[in-house]
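J.: Under the UniProt record's numbering, the residue at position 247 of the sequence shown is numbered 247, and the numbers go up by one with no gaps.
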Amino acid sequence: MEEMCGRPRSVRMFGNGCDGSGVERSVRQVSRHLGRVFEQAGARMPLDIEALDAAGLGTMDAIARDGARAWLSTVGHIDEAVFRHSLMVAGVMSSLLTMLRVRRDQASLLVQGALLHDIGKVRIDPRILDKPGPLDADEMAIMRTHTQHGEAIAQAAGLGSTICAMIRSHHEHLDGSGYPDGLRRGRISNAVRALTVCDIFSALVEPRSYKPALSPETAFATMRLREAHLDRELLAMLHVAFDRPVAAAAEPAAAG
């Protein structure tokens, strides 16, 4: 299993559904940068930090120009599920950070964390990762180790405590029911809280082998039923951000 998990997985970027629009070109550019980082992580090579930085900034610029809905629609044509989900989460995170008027340098760091939040899955056996049906208890226990694997990859790359915490803790819940550490609200940072909201929303609106995609409105309604797990203020802000007109979303962020 170790040899299988250590190999880089090829990323087929798109099927046949894309139309050559500006947002598609942006997604292709970001995909090339992020694909390089994922393949390096799978091969246990040093990560190209410049490529990661370019992927983060490219995502932010595309969201500011085209909006989250166009980004998600285009990213949805990517075939590889983990890679597609990572790009979706980063786009949703960028939209939320724009709404929150987070300074560009700090937003770039948080979008990088979103892009890498599932990178530990390159160390998970593809027979588990790509299983079409539900995972059994043993398989789920292995799958859950992706958070620690991802943290180790980020630490080895010197990515800093914010990104490492985002990767390790994005499955933690405010009521302490999450994993891997069972953290409660006072021990979960705002960066992790924001990532968790964006991660769950993205998972709900994309199709999986075991479920259809939900509409954004249905996804938000579903998430409101999980408020014991999630930061309700960030969830409300994400809902506003997702429906915000592109022209409004493109307003410059505050400097402070």
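A virtual CB, placed ideally from N, CA and C, is assigned to each residue, including glycine. Predicted, not measured: the structure shown is a model, and the values here were computed from it.
(1) Sorted by chain position, which residues of the same chain lie with C-beta nearer than 6 Å to alanine 41's C-beta, five sequence neighbours on each side aside?
(2) Would you mind sorting alanine 141 into buried or exposed? The rule is 16 or more other CB atoms within 10 Å of its CB.
(3) Can you give the Cα-Cα distance for valine 82 and histidine 117, rounded to whole angstroms?
(4) Should glutamate 24 be listed as close to the ligand GTP, given that the test is whether its C-beta is under 8 Å from any heavy atom?
(5) Please state if the CB of alanine 191 and the CB of threonine 147 are separated by a distance shorter than 9 Å.
(6) Suppose you measure from the CA of arginine 101 to the CA of aspartate 136; what does that come to, to the nearest Å?
(7) Rounded to a whole number of angstroms, what is the C-alpha to C-alpha distance between threonine 218 and arginine 36?
(8) Here's a check: name, in chain order, each residue in its chain whose Cβ is nearer than 8 Å to the Cβ of serine 108, leaving out the five neighbours to either side.
(9) Using the rule of at least 16 other Cβ atoms within 10 Å of the residue's Cβ for burial, across every protein chain shown, is threonine 74 buried or exposed?
(10) Report buried or exposed for valine 240, applying the criterion of at least 16 other Cβ atoms within 10 angstroms of its Cβ.
(11) What are the start and end residues of each continuous alpha helix (DSSP H) run of 4 or more residues lying completely inside the stretch 147-214, in chain order?
(12) Quick one: Cα of glutamine 155 to Cα of aspartate 199, how far?
(13) State the Cα-Cα distance for the pair leucine 204 and leucine 214, rounded to the nearest angstrom.
(14) From leucine 238 to alanine 70, what distance separates their C-alpha atoms?
(15) By Cβ distance, which residues of its chain are closer than 7 Å to methionine 143, with the 5 residues on each side in sequence left out?
(16) How many angstroms separate the CA atom of leucine 195 from the CA atom of arginine 244?
(17) Give a yes or no on whether the C-beta atoms belonging to methionine 93 and glycine 76 are separated by under 9 Å.
(18) Please identify the residue among Gly178, Ala68, Ser31, Gln106 whose C-alpha is closest to the C-alpha of threonine 145.
(19) Could you compute how far the alpha carbon of arginine 104 sits from the alpha carbon of leucine 97?
(20) In terms of residues, what are the limits of the alpha helix (DSSP H) holding glycine 56?
(21) For aspartate 105, name the three-state secondary structure that DSSP assigns.
(22) Between the C-alpha atoms of methionine 45 and glycine 158, what's the straight-line distance to the nearest angstrom?
(23) Considering threonine 98, what are the terminal residues of the alpha helix (DSSP H) in which it resides?
(24) Less than 9 Å between the C-beta atoms of leucine 234 and arginine 193, yes or no?
T.: Put simply:
(1) Ile119, Val122, Ile153
(2) exposed
(3) 10 Å
(4) No copy of the ligand GTP occurs in the structure displayed, which carries no ligand at all.
(5) no
(6) 42 Å
(7) 34 Å
(8) Asp53, Gly56, Leu57, Met60
(9) buried
(10) exposed
(11) 161-169, 190-205
(12) 21 Å
(13) 6 Å
(14) 16 Å
(15) Ile124, Ile128, Leu135
(16) 19 Å
(17) no
(18) Gly178
(19) 9 Å
(20) 49-66
(21) helix
(22) 13 Å
(23) 81-99
(24) yes
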